[in-house]
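Reading through the structure tokens given below for one structure.
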Amino acid sequence: EAGVTQSPRYAVLQEGQAVSFWCDPISGHDTLYWYQQPRDQGPQLLVYFRDEAVIDNSQLPSDRFSAVRPKGTNSTLKIQSAKQGDTATYLCASRRQGRDQAPLFGEGTRLSVL
Amino acid sequence: GEQVEQRPPHLSVREGDSAIIICTYTDSATAYFSWYKQEAGAGLQLLMSVLSNVDRKEEQGLTVLLNKKDKRLSLNLTAAHPGDSAVYFCAVRGNMGYKLTFGTGTSLLVDP
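Residue numbers (our numbering), protein chains in the order written: chain A, 10 to 123; chain B, 404 to 515.
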């Protein structure tokens, strides 16, 4: 079974530039998460989907961040105008339906905003 | 919302020793508990998960203990080896929804 695939692995931007991150979840996993992990901190949830529906985006900075999962499979997270404070690793995870199922994570995208 | 504290932030042990990491959580309705390992520059690798009806689970040199009365979760690595050196995170989930809340992480160093 292929794991969660994320691209790109690394991104370096100037402040004000836009960037998109792409995630391909494990086949058959209906729940998809995006987490932000600043350096030396634990992951913090940005948004998660069940199929194509957003379930919780309360921690997503809506003025600059957006996330979509149009067909309930792949997902894209976009930062419209990056700030230095957005420097972090962005992790995607997916989960199979079932109360005893844990999310499985991709390798992440490491973003540096200069 | 749920708050998860993890300790110690840093832990150094010798090869063959045990390493214990503890998390405490605040929501008594927390239903699902996981431990993840993160090596440098990598994503999170799932180590073990337990539902709230499990007090103890052992797998491949790892023991997870759950004390619901004290709202405490622990991970015990028995006979640690240098390949166990990494950052470890606990993560908890409530009974409603699928949001996972992470602890602050423990950086484990196993000296050969």
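Note that CB positions come from ideal geometry on N, CA and C, so glycine has one too.
All of these numbers come straight from a predicted model, not from anything done at the bench.
Self-check item: Local Cβ density within 10 Å of Arg104 of chain A, reported as buried at 16 or more and exposed below that
Solution: So Arg104 of chain A counts as buried.
Quiz item: For Asp33 of chain A, which beta-bridge partners are listed by DSSP?
Solution: For Asp33 of chain A, which the question treats as bridged, DSSP gives the partners A:Thr14.
Exercise. Would you grab the beta carbon distance between Ala434 of chain B and Leu447 of chain B for me? Rounded to a whole angstrom, and I think it's under 8 Å.
Key: 20 Å between Cβ atoms; not a contact.
Quiz prompt | At least 3 beta-carbon pairs within less than 8 Å: the stretch 27-34 of chain A vs the stretch 409-429 of chain B | solution = The answer is no - the stretch 409-429 of chain B does not touch the stretch 27-34 of chain A, with fewer than three Cβ pairs under 8 Å.
Self-check item: Per-residue DSSP class, three states only, for Asp65 of chain A
Solution: Asp65 of chain A falls in the strand class under three-state DSSP.
Quiz item: Buried or exposed: Gln93 of chain A, going by 16 or more other Cβ atoms within 10 Å of its Cβ?
Solution: Per the 10 Å Cβ criterion, exposed.
Practice problem: Could you tell me whether the stretch 420-429 of chain B touches the stretch 45-61 of chain A, using the rule of 3 or more Cβ pairs below 8 Å? | Solution: The stretch 420-429 of chain B vs the stretch 45-61 of chain A: no contact.
Self-check item: Where Gln463 of chain B sits in the DSSP three-state scheme
Solution: Residue state for Gln463 of chain B is assigned as coil, using DSSP reduced to three classes.
Quiz item: Which of helix, strand or coil does DSSP assign to Asp39 of chain A?
Solution: Note: Asp39 of chain A maps to coil in three-state DSSP.
Quiz prompt | Inter-residue spacing [alpha-carbon to alpha-carbon] between Leu41 of chain A and Gly51 of chain A | solution = Leu41 of chain A and Gly51 of chain A have their C-alpha atoms some 18 Å from each other.
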